[in-house]
């Protein structure tokens, strides 16, 4: 397999990154790409449930817990020192054609910014040379980047595939 491609979606909280990611995953997967995603969580979160065996194992001191069934596996890893880098997280994934990264705004990967003027927050692209296009229905007037309409999921998928040469 050729080197996997990594592409990001960046934007402020509430801009629609997860909604766009979900739609893109469906379209890109339907085109035959094997996909993985990495989502940055900004808040302290826990996907494990108090009282479950995996939770009990972690609370007892296991730094890693792998839960597996015939349908899926989940690998819980406790981070006691610092948040892992995107590079470390990418190394944990199985081979695939494309990793879609949601969040991780400061990473040096090609990405689209999801921009919503109604949030009244400044765009990210002026300070991030890795943003190669904007997904927006109301882009800033001075934007020199390609602008893609948020409803044009096929067009956004085409843009990503062309850029990554997939």
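In this note's numbering, the protein residues as written are 8 to 173.
The beta carbon of each residue, even a glycine, is placed where N, CA and C say it ideally should be.
Span of the beta strand (DSSP E), counted from its first residue to its last, around residue i
i: residue 118; result: 118–121
When the options are compared against residue i, the one with the closest alpha-carbon
i: residue 118; options: 169, 163, 17, 25; result: 17
i: residue 134; options: 114, 78, 127, 153; result: 114
i: residue 123; options: 109, 168, 154; result: 154
i: residue 88; options: 70, 97, 100, 78; result: 70
i: residue 172; options: 110, 105, 99; result: 105
i: residue 25; options: 131, 108, 151; result: 108
i: residue 137; options: 111, 72, 126, 129; result: 111
i: residue 126; options: 102, 59, 19; result: 19
Whole-Å CB distance - residue i paired with residue j, under 8 angstroms assumed
i: residue 74; j: residue 61; result: 5 angstroms
i: residue 44; j: residue 28; result: 7 angstroms
i: residue 34; j: residue 160; result: 5 angstroms
i: residue 164; j: residue 31; result: 6 angstroms
Beta-carbon proximity list for residue i, same chain, < 7 angstroms, skipping 5 on both sides
i: residue 170; result: 117, 139
Spatial neighbours of residue i in its chain, beta-carbon cut-off 6 angstroms, leaving aside the 5 residues before and after
i: residue 167; result: 14
i: residue 76; result: none
First and last residue of the uninterrupted alpha helix (DSSP H) at residue i
i: residue 166; result: 160–171
i: residue 36; result: 24–37
i: residue 176; result: Because the chain is modelled from 8 through 173, residue 176 falls outside the range shown and cannot be assessed.
i: residue 93; result: 93–98
### Task
Inspect the CB distances between the segment 70–90 and the segment 137–147 and report whether three or more fall short of 8 angstroms.
In short, these stretches do not touch, since the Cβ pair count stays below three.
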